[in-house]
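**Student:**
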Amino acid sequence: MLFKLAWRNIWRNKRRSFIVFISVIVGVNAMLFMDGMSNGMLSQILFNEISLNVSHIQIHKNGFTDNKMVQNYIPDYENVEKIIITNKSIRYYSKRIVTFGLLSSAANSTGIYLNGIEPEKKQNVSRIKSSIIEGKYLSGNSGEIVIGKKLAEKLQVELGDKVVALANTSDGSIGSDVFRIVGIYKSPSSEFDKSYVYIPITNAQTMLNLQNKIHEFAIITNNYNSANIIRDKLRETLSGSYEVLSYEDLLPFVIIQLDMYKESLFVINLIISLALIFGIINSMLMSVFERIREIGVLMSIGMRNGKIFLMILIEAFTIGTAGTIIGVISGYLINIPFSTFGINLSVFAQSLESFAVGAILYPKLSVENFVMILLMIPLISILGALYPAYKAIKLEPVYAIRYI
Amino acid sequence: MEIIKTENLKKTYKDNGVPVNALRGINLIINKGEHVVIAGPSGSGKTTLLNLLGALDKPTEGRIFFKGEDFSLKTKKELSDFRLRNLGFVFQAYNLIPVLSATENIEFSLMLLGIPEKERRAKSLKLLEELEIADLAYKRPGEMSGGQQQRVAVARAIVNNPKLVLADEPTANLDSKTGALLLDLMDKMNVEKNITFIFSSHDQLVIERAKRLLLLKDGLINDQNN
Chain U
1 MLFKLAWRNI WRNKRRSFIV FISVIVGVNA MLFMDGMSNG MLSQILFNEI
51 SLNVSHIQIH KNGFTDNKMV QNYIPDYENV EKIIITNKSI RYYSKRIVTF
101 GLLSSAANST GIYLNGIEPE KKQNVSRIKS SIIEGKYLSG NSGEIVIGKK
151 LAEKLQVELG DKVVALANTS DGSIGSDVFR IVGIYKSPSS EFDKSYVYIP
201 ITNAQTMLNL QNKIHEFAII TNNYNSANII RDKLRETLSG SYEVLSYEDL
251 LPFVIIQLDM YKESLFVINL IISLALIFGI INSMLMSVFE RIREIGVLMS
301 IGMRNGKIFL MILIEAFTIG TAGTIIGVIS GYLINIPFST FGINLSVFAQ
351 SLESFAVGAI LYPKLSVENF VMILLMIPLI SILGALYPAY KAIKLEPVYA
401 IRYI
Chain X
1 MEIIKTENLK KTYKDNGVPV NALRGINLII NKGEHVVIAG PSGSGKTTLL
51 NLLGALDKPT EGRIFFKGED FSLKTKKELS DFRLRNLGFV FQAYNLIPVL
101 SATENIEFSL MLLGIPEKER RAKSLKLLEE LEIADLAYKR PGEMSGGQQQ
151 RVAVARAIVN NPKLVLADEP TANLDSKTGA LLLDLMDKMN VEKNITFIFS
201 SHDQLVIERA KRLLLLKDGL INDQNN
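Protein chains in written order, with this note's numbering: chain U, 1 to 404; chain X, 1 to 226.
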C-alpha cells in the first residue's frame, strides 16, 4: 500500500514529476555520453597502438627494451619459436628486426625506426597492410620499403622514389642500403607515420650484419584480455634470458590514462548526480509542502513517523529509479548508431592524429559505468529526499491537520 | 465503564506572543458507549479539548486518562500506536487521502495494523455495504459529494473497531439533510457497535441529538446533564 500511495503521490503534480523525471533521464544520458566518448577515445588509442605496432605480447632478449642496440638480438630464437607455435592461446606471431636509423632522400633526411618484417606474417599482427593508401604492401622482394605519409611529405618523396637507410650494424660499423618506395601508409597517428618504416626482414638482417638473428617476436593472442596471463605463462616457460612483455607493459602511459579515466568517471558522475539532487530536493519539498494537512491526517490516524519518512523516500526512489532505467535504455539505444558509424571529428583531425586517435570516433560504453549509474542515481534520489522527509515528520499533527 | 477522564486539564498557547488560556481546568469523565456533544461558541476551546482527548496535543497542565492509562506517560510513538488502535477521527473537512479510493482510505488504518490485504479489503467492503455506500468502493474522493466523503470518513474512523470516535464539526460542510443522514449513521454505530462518540459542534442539529451535552465557555465545562 505504501508503494501504491507513493506511486500515486508522484503523479499528483504530473508536470513537476515529469520535469524531475526528464532531468534524471537527461543526466543519465549525459553520463553515458561522456563515458562513451572518453572510453571510446582511450580504447581507440589503445587499439591503434596495439594494432599498428605493439601487438599483444612481445618477446626480446632480456634488457632489450631499455637498450635497443642491434647486438641485443634474441638468443636461440628457434627454441622460442617452437614454444610460441605450441601455445594454443597464441593466434599469430611474426619475427621482427627493430632498430633506430636514418632515412635519406634527395631532399632531406630524418631519424626513423627501421622495422624488418616477414610481410606475410606481419599482416596478421599489424594493420600496416590495410593502412596502405598508395602503392602496395611489401611482397618480400629485396629492396622494397613502405613508409608513412607524413614521412613521405617530410622527405619529399613519392611512390617509386629511392631512399637510403642507414643504421648501426652488429659489429659496430654503419650499414646502409638503397630502397624503392613501393607503398605509402597512413595510420591514425601522425607521429607513427613520421617514424616507422618497413623493409623485408632479410634486407634488414643483411644490412645490419645479423645473419638470421632477430630482435623481436610480436604476438597476437586469441583474447587480448588474457594477454597478461599468457605473458606470465611464457615467462615461466622461458628463462631469464628473455623479457616477455604484454601491451600493458609496453604502453604504460596509455594504461595509466585508462586507469585515471576510470577513477575520474566516478567523480564526473558524482558531479552530475549532485546537480540532479537539488532538483529532487526541491521537488520533494514542494510535494511535502502541498501535503502538510494530509500528512497531519495520516499521523492522527496512527501512521508512525518512520512510515511517513519511508513513504517520501519511496517516492523519490521511484522517480529516480524509473528515470535511471529509462535513461540507461535510451542512452544505450542512442549510442548504437554512434558506436556503429562513429562521430566525425575531422574538424579536429590534426590534433587527434597526434594522440593516435582517428578522425572518426567510436563511442564505447563501459559495463562499470552502467552499474555505477544504476546504483548511484537511485541512491542520490533517496539522499535528496532525506531533508524533505525530515521536514515531514517534524510536523505536529495538531497544526498540520488545520493547515490551509 | 469509564473510558476518558481528565483532571484539571489546562491548555495555554501563545497568540502573537500573548498567552491565551484556551482551557482553564477541565474535569471530565466519559463512559463507554456515550454519545457526547461538546458545544460552545466559536473560539471557546472545543477543538482544543478534542485534540487533547484525541492525543494529538499535550496539555499545559493536568492529566488525561484513557481506560486508566495516563497519556502524559506515553512517548510520541506510543501515542501514535494508541491512536491507531483505540481512536477514530472524523474531521470537518473530511480529510480523505485524495489519491486513494474509498476502500483504500477505509482500510488504511488496517494496513497500518498489519492486517493482510484480503482480510482488510473484505472488512472495508462489508462496512461500505453497512453504510449503504458500496457503490463508492472504487471511487476517489474527487468523484464524491461532500456527504459521501464524510460517510467514507466515518467508515475509516470505525473500521478498526475503536473505543472512541472524535468528530470535530462533522456536519459543518454539509447541508442539513445530508448532515442529518450522517448523524443517523453515527447514532447507529454508537448503538450497534457500542462505540463512544464525542462530537464538537455548534450545529444545532448535532446539539439536539446529544445524549449528553457539555457546554464549553471561557475555557470551562458546564455539563448540562448534571
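The beta-carbon is built from N, C-alpha and C at its ideal position, and this holds for glycine as well.
1) Along the chain, where does the beta strand (DSSP E) containing D15 (chain X) start, and where does it finish?
2) What would DSSP say about R12 (chain U), mapped onto helix, strand or coil?
3) Which full runs of the alpha helix (DSSP H) of 4+ residues lie inside the segment 333–390 of chain U, going along the chain?
4) What are the residues in the segment 57–71 of chain X lying within 7 Å of chain U by C-beta distance?
5) Quick one: what does DSSP say N115 (chain U) is sitting in, helix, strand or coil?
6) Enumerate, from N- to C-terminal direction, the unbroken beta strand (DSSP E) stretches of 3 or more residues contained entirely within the segment 17–48 of chain U.
7) Alpha carbon to alpha carbon, how far is L56 (chain X) from G327 (chain U)?
8) Hey, would you say I312 (chain U) sits closer than 8 Å to L383 (chain U), going by beta carbons?
9) For L110 (chain X), which residues in the same chain have their Cβ closer than 7 Å to its Cβ, ignoring the five residues on either side in sequence?
10) Since R8 (chain U) meets chain X, which of its residues come closer than 8 Å, beta carbon to beta carbon?
11) Find out if the Cβ-Cβ distance for the pair V70 (chain U), Y93 (chain U) is shorter than 8 Å.
12) What residues are listed by DSSP as bridge partners for S145 (chain X)?
13) Taking N168 (chain U) as the reference, give the member of U:I184, U:G183 and U:T206 with the closest Cα.
14) Can you pull the DSSP bridge partners for H35 (chain X)?
15) Between which two residues does the alpha helix (DSSP H) holding E191 (chain U) run?
16) Between the Cα of N141 (chain U) and those of U:S187, U:N203, U:Q257 and U:G135, spot the shortest distance and give me the residue it belongs to.
17) Kindly identify the DSSP beta-bridge partner or partners of H60 (chain U).
18) Please state the DSSP three-state secondary structure of G92 (chain U).
19) Starting from K77 (chain X), find everything on chain U with Cβ-Cβ shorter than 8 Å and list it in chain order.
20) Bridge partners for R180 (chain U) per DSSP, in chain order?
21) Touch check for the segment 254–268 of chain U and the segment 65–83 of chain U: three-plus C-beta pairs under 8 Å?
22) Between N173 (chain X) and I314 (chain U), what straight-line distance do the alpha-carbon atoms span, to the nearest angstrom?
23) Within 8 Å of any Cβ in chain X, is that where the Cβ of L292 (chain U) sits?
24) Just checking: is the beta-carbon of F197 (chain X) within a distance shorter than 8 Å of some beta-carbon in chain U?
25) Kindly indicate which three-state DSSP category K213 (chain U) falls into: helix, strand or coil?
26) Three or more C-beta pairs under 8 Å: does that hold for the segment 193–207 of chain X against the segment 163–180 of chain X?
27) Have a look at L250 (chain U) and R231 (chain U) and give me their C-alpha separation to the nearest angstrom.
28) With a threshold of 8 Å between beta carbons, is R15 (chain U) in contact with chain X?
29) I'd like to know if the segment 60–71 of chain X and the segment 130–147 of chain X are in contact, where contact means that at least 3 CB-CB pairs between them fall below 8 Å.
30) Can you grab the Cα-Cα spacing for the pair E243 (chain U) / H60 (chain U), in whole Å?
31) With a threshold of 8 Å between beta carbons, is R83 (chain X) in contact with chain U?
32) By DSSP, does V157 (chain U) sit in helix, in strand, or in coil?
33) For the segment 135–144 of chain X and the segment 86–101 of chain X, state whether three or more C-beta atom pairs, one from each stretch, are separated by less than 8 Å.
34) With distances taken Cα to Cα, identify the nearest neighbour of L32 (chain U) among U:V182, U:I373, U:D76 and U:E396.
35) Who does Y198 (chain U) pair with in a DSSP beta bridge?
**Tutor:** Here's the rundown:
1) By one-based count along the second sequence, residue 15 (chain X) stands at place 15. Taken as a continuous stretch (DSSP letters only), the beta strand (DSSP E) holding D15 (chain X) covers E2 to D15.
2) For the purposes of this step, residue 12 (chain U) is identified with residue 12 of the first sequence, where counting begins at 1. In the structure shown, R12 (chain U) sits in coil (DSSP, three-state: anything other than H, G, I, E or B).
3) As summarised for the segment 333–390 of chain U, the continuous alpha helix (DSSP H) elements at least 4 residues long and confined to that stretch are 349–353, given in chain order.
4) When C-beta distances to chain U are compared with 7 Å, the residues of the segment 57–71 of chain X below that value are D57, in chain order.
5) Translated into positions along the first sequence, residue 115 (chain U) becomes position 115. Reduced to three states, the DSSP call for N115 (chain U) is strand.
6) Within the segment 17–48 of chain U, no complete beta strand (DSSP E) run reaches 3 residues.
7) Taking the first residue of the second sequence as position 1, residue 56 (chain X) is located at position 56. Taking the first residue of the first sequence as position 1, residue 327 (chain U) is located at position 327. One Cα belongs to L56 (chain X), the other to G327 (chain U), and the distance between them is close to 44 Å.
8) Residue mapping note: residue 312 (chain U) aligns to position 312 of the first sequence, counting from 1. Residue mapping note: residue 383 (chain U) aligns to position 383 of the first sequence, counting from 1. No, Cβ-Cβ distance for I312 (chain U) and L383 (chain U) is not below 8 Å.
9) As a first step, residue 110 (chain X) is located in the second sequence; it is residue number 110 there, counting from the start. Taken in chain order, the residues that qualify are R120, K123, V159 and N160.
10) Numbered from its first residue, the first sequence carries residue 8 (chain U) at position 8. Listed along the chain, the chain X residues whose CB falls inside 8 Å of the CB of R8 (chain U) are V99 and L100.
11) On the first sequence, residue 70 (chain U) is found 70 positions in, with the first residue counted as 1. On the first sequence, residue 93 (chain U) is found 93 positions in, with the first residue counted as 1. Using a Cβ distance threshold of 8 Å, V70 (chain U) and Y93 (chain U) do not count as a contacting pair.
12) Start at 1 with the first residue of the second sequence, and residue 145 (chain X) comes out as number 145. Its beta-bridge partners do not exist; DSSP assigns none.
13) As a first step, residue 168 (chain U) must be located in the first sequence, where it is residue number 168. A check of alpha carbon separations from N168 (chain U) across U:I184, U:G183 and U:T206 identifies U:T206 as the nearest.
14) Counted from its first residue, the second sequence places residue 35 (chain X) at position 35. According to DSSP, H35 (chain X) bridges with X:F197.
15) Looking up residue 191 (chain U) in the first sequence gives position 191. Per DSSP, E191 (chain U) is one residue of the alpha helix (DSSP H) stretching across S190 to S195.
16) Taking the first residue of the first sequence as 1, we reach residue 141 (chain U) at position 141. Selected option, being the one with the closest Cα: U:N203.
17) Counting from one through the first sequence, the residue named residue 60 (chain U) turns up at place 60. According to DSSP, H60 (chain U) bridges with U:E243.
18) Translated into positions along the first sequence, residue 92 (chain U) becomes position 92. Before going further, note that residue 92 (chain U) is Tyr rather than Gly in the sequence given. Strand.
19) Taking the first residue of the second sequence as position 1, residue 77 (chain X) is located at position 77. R304 and N305, listed in chain order.
20) Here residue 180 (chain U) refers to the residue found at position 180 of the first sequence. DSSP lists U:E144 and U:K162 as partners of R180 (chain U).
21) Three or more Cβ pairs closer than 8 Å define a contact, and the segment 254–268 of chain U falls short of that threshold against the segment 65–83 of chain U.
22) For the purposes of this step, residue 173 (chain X) is identified with residue 173 of the second sequence, where counting begins at 1. For the purposes of this step, residue 314 (chain U) is identified with residue 314 of the first sequence, where counting begins at 1. Going by the C-alpha atoms only, they are around 34 Å apart.
23) Counting from one through the first sequence, the residue named residue 292 (chain U) turns up at place 292. Correcting the residue type first, residue 292 (chain U) is Ile in the shown sequence and not Leu. Proximity of I292 (chain U) to chain X, defined by a Cβ-Cβ separation below 8 Å, is not satisfied.
24) The sequence position of residue 197 (chain X) within the second sequence is 197, counting from 1. Taking a beta-carbon distance threshold of 8 Å, F197 (chain X) does not count as an interface residue toward chain U.
25) Residue numbering aside, residue 213 (chain U) sits at position 213 when the first sequence is read from its first letter. DSSP places K213 (chain U) in coil when its eight states are reduced to three.
26) Yes, since at least three Cβ pairs between the segment 193–207 of chain X and the segment 163–180 of chain X fall closer than 8 Å, the two stretches touch.
27) Position 250 of the first sequence, counting from 1, holds the residue named residue 250 (chain U). Position 231 of the first sequence, counting from 1, holds the residue named residue 231 (chain U). Roughly 12 Å separates the two Cα atoms.
28) By 1-based counting over the first sequence, the position of residue 15 (chain U) is 15. With its beta carbon at least 8 Å from every one in chain X, R15 (chain U) lies outside the interface.
29) No, because fewer than three Cβ pairs between the segment 60–71 of chain X and the segment 130–147 of chain X fall closer than 8 Å, the two stretches do not touch.
30) As a first step, residue 243 (chain U) is located in the first sequence; it is residue number 243 there, counting from the start. As a first step, residue 60 (chain U) is located in the first sequence; it is residue number 60 there, counting from the start. Those two C-alpha atoms are separated by around 5 Å.
31) Mapped onto the second sequence, residue 83 (chain X) falls at position 83. Closer than 8 Å: yes.
32) Indexing the first sequence from 1 puts residue 157 (chain U) at position 157. Coil at V157 (chain U), not helix or strand.
33) Flag = yes, the segment 135–144 of chain X and the segment 86–101 of chain X touch.
34) Here residue 32 (chain U) refers to the residue found at position 32 of the first sequence. Checked all of U:V182, U:I373, U:D76 and U:E396; the closest Cα to L32 (chain U) is U:I373.
35) The residue labelled residue 198 (chain U) in the question sits at position 198 within the first sequence. Per DSSP, U:N115 and U:V146.
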